[in-house]
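Here the structure comes first, spelled out in structure tokens, and everything after it is commentary.
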Ligand SMILES: Nc1ncnc2c1ncn2[C@@H]1O[C@H](COP(=O)(O)OP(=O)(O)OP(=O)(O)O)[C@@H](O)[C@H]1O
Ligand SMILES: [Mg+2]
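Numbering (the working numbering), first residue to last: 1 to 364.
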């Protein structure tokens, strides 16, 4: 539905040129939700605005449903209103002088081929049904909560049956609980309506929950893309491991390989770790990324366990998190609520599950 190839966009400012997007290519299939995920300033909004036609790229091509809407080589630039898209932004962009129903109906009342009144009313009712606020139809749009306003914005985006919907951090103004509810609701709605969307967020969980595919950005480049499970479980490098919340990173040198696991010397011993499909040479400097839940804290010494000391404990509701000291390293350990409890300054042992560790190349 969307094809972006070699997209480059820079901004000229008084301080010089900012390379916001550096040769980015990706696609969104029909009925697919693709998220652009990444830290602030990595270029997510810029890409979205280029797709929407609100920014003119320096070079590259953008096609929507097979139709080029931008191409520097073919000198083609289709203006925003002529692109088959709908947009939902962080600020809801709801018109305050209209009712909810009028806001939702608006895209159908402009341009050519306006449906008749009866059809508009039916489609508005259906769209409000989809976002589960049918009872608010006649309410003035200013008298809504943030979550309700965002539902209106989504209904308005759905009503035109645009080929592609662009979302820019639509949930980031909502409180944590509402965000959690809305993202799972969005997911159900998108799949039921077979929406094709490009969805921008800096929230990892939102991206993992909502998308079929995640494109992770870092300073204008794609750091990695793949299914949520893939990018989460197999981060390609240190940036990705950090962004995916690896929790613990330990530097070491490759000592060898056995049974499909890489052995890494890390000072306090040797860690066995999944290779992540990459190959490493002996002696190579690497980092090992270890999730807090991949480490078990125990009062007894076992095979391949390392002695440590408990620095802090924290109750998480769903379990316990400990900060432990292992020589000069401080590691985060997360344990299920049923596990034995430890106190500050307890001497204990940790065991690290090799299949839950990932060896990564060091970035310079
Ligand atoms: N109109 C502009 N003029 C100059 N520089 C800009 C402009 N818009 C964005 N930039 C710069 O381009 C880079 C990418 O910005 P962009 O808004 O795409 O980031 P983002 O990933 O959406 O970030 P955030 O998560 O904070 O919204 C940043 O360095 C930003 O400062
Ligand atoms: Mg942005």
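Even glycine gets a Cβ: it sits at the ideal position worked out from N, Cα and C. None of the values given here were measured: they were computed from a predicted structure.
At what residues does the alpha helix (DSSP H) containing residue 117 begin and finish? Boundaries of the alpha helix (DSSP H) harbouring residue 117: 117-130, taken from the DSSP string.
For residue 306, which beta-bridge partners are listed by DSSP? DSSP output for residue 306 lists 350 as bridge partner(s).
Collapsed DSSP secondary structure at residue 300 in the structure displayed: Residue 300: coil per DSSP, three-state reduction.
According to DSSP, what are the bridge partners of residue 329? BP columns for residue 329 point to 326.
May I ask you to check if the CB of residue 45 is nearer than 8 Å to at least one heavy atom of ligand 2? Look at residue 45: its beta carbon is less than 8 Å from one of the heavy atoms in ligand 2.
So does residue 34 have its beta carbon nearer than 8 Å to some heavy atom of ligand 2? Answer for residue 34: no, Cβ out of range of ligand 2.
Is DSSP giving residue 32 helix, strand or coil here? In the three-state scheme derived from DSSP, where H, G and I count as helix and E and B as strand, residue 32 is classed as coil.
Can you tell me whether residue 252 is buried or exposed? The criterion is at least 16 other CB atoms within 10 Å of its CB, across all chains shown. Residue 252 should be labelled buried.
Closest to residue 21 by CA distance: which of 222, 273, 238 is it? For the set 222, 273, 238, the Cα lying nearest the Cα of residue 21 is the one of 222.
Keeping to the same chain, check which residues put their C-beta closer than 8 Å to that of residue 93; ignore five residues upstream and five downstream. 153.
Tell me whether residue 39, by its Cβ, gets closer than 8 Å to a heavy atom of ligand 1. Yes, Cβ of residue 39 sits closer than 8 Å to a heavy atom of ligand 1.
Neighbour-count burial assignment, residue 67, 16 or more Cβ in a 10 Å radius: Residue 67 sits exposed, since fewer than 16 C-beta atoms from the chains shown fall within 10 Å of its C-beta.
Exposure of residue 40, with buried meaning 16 or more beta-carbon neighbours within 10 Å: Looking at its Cβ environment, which holds fewer than 16 other Cβ atoms inside 10 Å, residue 40 is exposed.
Taking the beta carbon of residue 132 as the centre, do at least 16 other beta carbons fall within 10 Å, making it buried, or is it exposed? Looking at its Cβ environment, which holds fewer than 16 other Cβ atoms inside 10 Å, residue 132 is exposed.
Between the C-alpha atoms of residue 359 and residue 332, what's the straight-line distance to the nearest angstrom? Those two C-alpha atoms are separated by around 18 Å.
At 4 residues or longer, and completely inside the stretch 167-226: list those alpha helix (DSSP H) runs for me, N to C. If we require 4 residues or more, the alpha helix (DSSP H) runs fully inside the stretch 167-226 come out as 176-192, 204-210.
Between which two residues does the alpha helix (DSSP H) holding residue 12 run? Run containing residue 12: none in the alpha helix (DSSP H); it sits in the beta strand (DSSP E), 2-13.
Going by CA-CA distance only, name the one from 15, 47, 13, 17 that's closest to residue 23. Comparing Cα-Cα distances from residue 23 to each of 15, 47, 13, 17, the minimum goes to 47.
Among 163, 334, 272, 289, which has the Cα closest to the Cα of residue 29? The shortest Cα separation from residue 29 among 163, 334, 272, 289 belongs to 163.
Check whether the Cβ atoms of residue 172 and residue 90 sit closer than 9 Å, and answer yes or no. Remark: C-beta atoms of residue 172 and residue 90 approach each other more closely than 9 Å.
Integer-rounded CB distance, given that residue 202 should sit under 8 Å from residue 38: The beta-carbon separation of residue 38 and residue 202, rounded to 7 Å, stays under the 8 Å limit for a contact.
Indicate the three-state DSSP secondary structure (helix, strand or coil) for residue 87 in the structure shown. Of the three classes helix, strand and coil, the one that applies to residue 87 here is strand, per DSSP.
With DSSP as the reference, identify every bridge partner of residue 265, one or two as the case may be. In DSSP, residue 265 forms a bridge with 253, 270.
From residue 106 to residue 10, what does the alpha carbon distance come to, in whole angstroms? Computed Cα separation, rounded: 34 Å.
So, does the stretch 76-85 touch the stretch 52-63, judging by three or more C-beta pairs under 8 Å? Three or more Cβ pairs closer than 8 Å define a contact, and the stretch 76-85 meets that threshold against the stretch 52-63.
Return the Cβ separation of residue 306 and residue 350 in integer angstroms, given the expectation that the two are a contact with Cβ distance under 8 Å. Yes, residue 306 and residue 350 are in contact; Cβ-Cβ is about 6 Å, under 8 Å.
Is the distance from the Cβ of residue 238 to the Cβ of residue 362 below 9 Å? Taking 9 Å as the Cβ cut-off, residue 238 and residue 362 qualify as a contacting pair.
For the beta strand (DSSP E) containing residue 62, list its first residue and its last residue. Per DSSP, residue 62 belongs to the beta strand (DSSP E) from 59-64.
Could you check whether residue 98 and residue 157 sit closer than 9 Å to each other, using their CB atoms as the reference points? Remark: C-beta atoms of residue 157 and residue 98 do not approach each other more closely than 9 Å.
Using a threshold of 8 Å, is the CB atom of residue 206 nearer than that to any non-hydrogen atom of ligand 2? A distance criterion of 8 Å places the beta-carbon of residue 206 beyond contact range of ligand 2, judged by its closest non-hydrogen atom.
Taking the beta strand (DSSP E) that residue 284 falls in, what are its first and last residues? No residue range can be given for residue 284, since it is assigned to no beta strand (DSSP E) and is classified by DSSP as neither H nor E.
Would residue 309 pass as a contact of residue 356 if the rule is Cβ separation under 9 Å? Contact: no.
Regarding residue 203 and ligand 2, is the C-beta to nearest heavy atom distance less than 8 Å? Result no, Cβ not under 8 Å from ligand 2.
Within this structure, are the beta carbons of residue 249 and residue 216 separated by less than 9 Å? Result no, Cβ atoms of residue 249 and residue 216 do not sit closer than 9 Å.
Residue 12, buried or exposed, once every other Cβ within 10 Å from all chains shown has been counted against 16: Answer is exposed; the Cβ neighbour count stays below 16.
Examine ligand 1 and report whether any of its heavy atoms sits within less than 8 Å of the Cβ of residue 169. In this structure, residue 169 has its beta carbon less than 8 Å from a heavy atom of ligand 1.
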